[in-house]
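In what follows, a single structure is set out as structure tokens and then discussed.
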Amino acid sequence: MIPSLDPSQTLSQNATSTHSLQGWVQGLRGNNHVQFLQLRTEGKIYQVVAEKEFLGEETFKEIKTLPQEASLIVFGEAKENPKAPGGQELFLHSFTLVGESSNYPITPKEHGPDFLHNHRHLWLRSKRQLAIQRVRSELSFAIREFFRNDGYTLIDTPILTGSIGESAGTLFSTEYFDLGQAYLAQTGQLYLETAAFAHSKVYCFGPTFRAEKSKTRRHLTEFWMLEAETAFLGQDGNLDLQERFVKTVLRVTIERTAEDLKVLDRDPAPLLEQLAKPFPRVDYGEAIKILQTAGEEIAWGEDINSDREQILTTHFGTAIFIQNFPRAIKAFYMKQNPNDPNTVLSADLIAPDGIGEIIGGSEREESFDKIVERLQEEGLPPEDYSWYLDLRKYGSVPHAGFGMGLERVLAWVCGLSHIRECIPYPRMIYRLSP
0 MIPSLDPSQT
10 LSQNATSTHS
20 LQGWVQGLRG
30 NNHVQFLQLR
40 TEGKIYQVVA
50 EKEFLGEETF
60 KEIKTLPQEA
70 SLIVFGEAKE
80 NPKAPGGQEL
90 FLHSFTLVGE
100 SSNYPITPKE
110 HGPDFLHNHR
120 HLWLRSKRQL
130 AIQRVRSELS
140 FAIREFFRND
150 GYTLIDTPIL
160 TGSIGESAGT
170 LFSTEYFDLG
180 QAYLAQTGQL
190 YLETAAFAHS
200 KVYCFGPTFR
210 AEKSKTRRHL
220 TEFWMLEAET
230 AFLGQDGNLD
240 LQERFVKTVL
250 RVTIERTAED
260 LKVLDRDPAP
270 LLEQLAKPFP
280 RVDYGEAIKI
290 LQTAGEEIAW
300 GEDINSDREQ
310 ILTTHFGTAI
320 FIQNFPRAIK
330 AFYMKQNPND
340 PNTVLSADLI
350 APDGIGEIIG
360 GSEREESFDK
370 IVERLQEEGL
380 PPEDYSWYLD
390 LRKYGSVPHA
400 GFGMGLERVL
410 AWVCGLSHIR
420 ECIPYPRMIY
430 RLSP
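Counted the way numbering that gives the first Met the number 0 counts, the sequence shown spans residues 0 to 433.
Now the structure itself:
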């Protein structure tokens with residue numbers, strides 16, 4: 000295995016060490032005496048200094064004519080340079096060309112979004128995309144780390160299901176052998192609830208699918224979602240958990256990805272200031288009144304769209320919970336509010352800066368009869384949910400949970416305006432390739 004140049008290695012002022020690097024030509028600049036080669040390896044970019052006087056005319060000419068994305072193995076001495084990426088650079092002694100590259104389509108010039116998405120498999124190599132995917136990786140790790148440290152058990156829920164978790168109109172369906180229709184999961188929640196009755200504290204983290212014909216910058220048809228379910232937990236405790244989770248995970252991610260955020264021109268200071276504030280818990284009815292005062296024509300019982308979410312987060316100056324939504328516009332599994340039967344004990348966490356809803360959650364209905372009643376109201380056959388209803392027959396307990404969309408949170412951390420940049424291969428209603 001070829002050793003990598005470690006940018007965290009501490010070198011004395013005059014110390015040198017010999018290294019090998021293997022990677023791809025990200026860029027090349029210089030003059031007739033020295034060339035600075037940007038070499039991408041392990042998702043990072045290192046500077047390789049090629050000096051004509053040391054290498055000789057022939058080798059220097061070969062370096063100078065290397066095309067973008069040619070793959071190389073380079074050998075040389077690592078030296079400190081605070082101005083170089085990672086604080087070090089490699090002074091080239093020799094190199095081996097591994098793979099040619101000719102007419103690489105993505106050049107330093109400006110390209111339109113359609114062109115870049117058509118070449119997504121290559122665009123992932125760009126500095127911006129390298130940074131975004133590294134932040135995504137750290138965010139995903141921080142999520143798993145949080146729940147592991149909090150004593151939660153990871154449960155892998157099925158992607159193919161015969162049960163509908165939310166709106167039937169946003170399901171992808173497929174024929175499933177001789178058993179009829181199967182669906183790509185919109186949520187792992189129903190299955191996760193069964194595991195909560197076994198392990199008390201559980202989470203799942205994986206892809207989910209929504210067949211919404213939406214072209215907004217906040218929607219994907221395939222995205223990753225974190226979901227958690229906790230037994231013996233009520234609505235207030237659920238909101239406490241969500242706020243602690245979001246603040247912990249974002250702070251950790253920001254700390255670990257400071258250099259990547261610089262690449263994205265993302266100043267994390269305003270976000271950290273927002274995270275230092277408590278997230279207000281605003282009753283749905285209060286939110287409607289604030290919107291009406293702001294001149295919005297909206298009545299109690301209507302959903303709150305993204306523009307109105309932005310009005311509310313601007314009003315409070317931070318992320319907010321909107322809680323106690325009307326029962327008629329929420330899912331069948333949400334617990335009826337004992338203080339107002341027209342609402343349910345639910346809440347959405349709305350992020351500012353145009354990000355919108357990042358978490359939806361609720362206390363779950365533990366009553367067998369009320370679940371059956373809601374299924375019938377929604378036109379869903381209770382017999383298809385017999386296994387789910389068993390939870391309400393054998394030792395039912397109060398419990399609560401939530402789901403968080405990874406890509407929207409990533410957009411918030413990175414300061415991105417479109418969610419399609421937040422996943423390696425975005426799936427939208429007009430894009431299934433590459």
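We put the beta carbon where it would ideally sit given N, CA and C, even for glycine.
Run of the beta strand (DSSP E) containing residue i, from where it starts to where it stops
{"i": "Gln-322", "result": "319–322"}
{"i": "Glu-228", "result": "221–230"}
{"i": "Pro-381", "result": "Element bounds for Pro-381: n/a, residue is neither H nor E."}
{"i": "Ala-77", "result": "70–79"}
{"i": "Leu-348", "result": "345–350"}
{"i": "Thr-173", "result": "172–174"}
{"i": "Leu-390", "result": "Neither: Leu-390 is in no beta strand (DSSP E) and is coded neither H nor E."}
{"i": "Gln-180", "result": "180–183"}
{"i": "Thr-207", "result": "200–208"}
Local Cβ density within 10 Å of residue i, reported as buried at 16 or more and exposed below that
{"i": "Phe-331", "result": "buried"}
{"i": "Tyr-175", "result": "exposed"}
{"i": "Ser-172", "result": "exposed"}
{"i": "Ile-328", "result": "exposed"}
{"i": "His-120", "result": "exposed"}
{"i": "Leu-178", "result": "exposed"}
{"i": "Arg-135", "result": "buried"}
{"i": "Glu-296", "result": "exposed"}
{"i": "His-18", "result": "buried"}
{"i": "His-218", "result": "buried"}
{"i": "Glu-364", "result": "buried"}
{"i": "Pro-433", "result": "exposed"}
{"i": "Pro-107", "result": "exposed"}
{"i": "Gly-22", "result": "buried"}
{"i": "Cys-421", "result": "buried"}
{"i": "Ile-349", "result": "buried"}
{"i": "Ala-275", "result": "exposed"}
{"i": "Gln-185", "result": "buried"}
{"i": "Gln-375", "result": "exposed"}
{"i": "Tyr-429", "result": "exposed"}
{"i": "Phe-231", "result": "exposed"}
{"i": "Asp-155", "result": "exposed"}
{"i": "Gly-111", "result": "exposed"}
{"i": "Phe-114", "result": "exposed"}
Residue from the options with nearest C-alpha to residue i
{"i": "Glu-285", "options": "Leu-415, Ile-158, Gln-322 and Pro-66", "result": "Gln-322"}
{"i": "Ile-72", "options": "Phe-244, Ala-350, Leu-238 and Leu-36", "result": "Leu-36"}
{"i": "Tyr-103", "options": "Val-281, Pro-66, Glu-52 and Pro-112", "result": "Pro-66"}
{"i": "Pro-267", "options": "Ile-253, Ala-293 and Gln-21", "result": "Ile-253"}
{"i": "Glu-382", "options": "Glu-376, Arg-391, Asp-239 and Val-371", "result": "Val-371"}
{"i": "Pro-340", "options": "Thr-64, Pro-325 and Arg-243", "result": "Pro-325"}
{"i": "Gly-353", "options": "Ser-345, Gly-400 and Val-408", "result": "Val-408"}
{"i": "Phe-278", "options": "Phe-367, Asn-304 and Leu-240", "result": "Leu-240"}
{"i": "Ile-303", "options": "Leu-388, Ala-346, Arg-143 and Thr-193", "result": "Ala-346"}
{"i": "Asn-31", "options": "Leu-431, Ile-44 and Val-48", "result": "Val-48"}
{"i": "Glu-226", "options": "Glu-68, Phe-114 and Lys-200", "result": "Lys-200"}
{"i": "Thr-312", "options": "Gly-111, Val-281 and Thr-342", "result": "Val-281"}
{"i": "Ile-105", "options": "Glu-68, Glu-79, Gly-75 and Ala-77", "result": "Glu-68"}
{"i": "Phe-222", "options": "Val-248, Glu-242 and Gly-187", "result": "Gly-187"}
{"i": "Thr-207", "options": "Gly-111, Ile-158, Leu-431 and Tyr-283", "result": "Ile-158"}
{"i": "Arg-143", "options": "His-116, Ala-318, Met-224 and Arg-127", "result": "Met-224"}
{"i": "Arg-39", "options": "Lys-63, Lys-288, Glu-88 and Asn-80", "result": "Glu-88"}
{"i": "Leu-249", "options": "Lys-369, Val-412 and Gly-75", "result": "Val-412"}
Delimiting residues of the alpha helix (DSSP H) encompassing residue i
{"i": "His-32", "result": "Note, His-32: premise wrong, no alpha helix (DSSP H); not H, not E."}
{"i": "Pro-292", "result": "The residue you asked about is not Pro; residue 292 is Thr in the sequence shown. Taken as a continuous stretch (DSSP letters only), the alpha helix (DSSP H) holding Thr-292 covers 283–292."}
{"i": "Gly-360", "result": "Run containing Gly-360: none in the alpha helix (DSSP H); it sits in the beta strand (DSSP E), 355–362."}
{"i": "Thr-313", "result": "305–315"}
{"i": "Phe-53", "result": "51–54"}
Supposed close pair residue i, residue j - CB separation, criterion 8 Å
{"i": "Gln-132", "j": "Leu-123", "result": "7 Å"}
{"i": "Lys-51", "j": "Val-33", "result": "7 Å"}
{"i": "Thr-152", "j": "Arg-209", "result": "Not quite, the Cβ-Cβ distance comes to about 26 Å (not below 8 Å), so this is no contact."}
{"i": "Glu-308", "j": "Glu-356", "result": "7 Å"}
{"i": "Ala-141", "j": "Val-251", "result": "5 Å"}
{"i": "Gly-414", "j": "Arg-255", "result": "The pair is not a contact, with the Cβ atoms about 17 Å apart (cut-off 8 Å)."}
{"i": "Leu-91", "j": "Leu-54", "result": "7 Å"}
{"i": "Tyr-393", "j": "Leu-189", "result": "In fact, because the Cβ distance is near 16 Å, the residues do not count as touching under 8 Å."}
{"i": "Gly-360", "j": "Gly-404", "result": "In fact, because the Cβ distance is near 12 Å, the residues do not count as touching under 8 Å."}
{"i": "Gln-46", "j": "Ala-77", "result": "Contact doesn't hold; Cβ gap of about 11 Å is too wide."}
{"i": "Thr-317", "j": "Pro-351", "result": "6 Å"}
{"i": "Thr-342", "j": "Tyr-424", "result": "In fact, because the Cβ distance is near 39 Å, the residues do not count as touching under 8 Å."}
{"i": "Ile-418", "j": "Arg-216", "result": "6 Å"}
{"i": "Ala-464", "j": "Gly-236", "result": "Since the first residue of the chain shown is 0 and the last is 433, residue 464 is not available in this structure."}
At 4 residues or longer, what runs of the alpha helix (DSSP H) sit wholly inside the segment 232–268? 234–255 and 257–262
Could you pull out every unbroken alpha helix (DSSP H) segment of at least 4 residues lying fully inside the segment 76–155, listed in chain order? 112–117, 119–122 and 126–148
What are the uninterrupted segments assigned as alpha helix (DSSP H) that are 4 or more residues long and contained completely in the segment 385–427, given in chain order? 385–388 and 405–413
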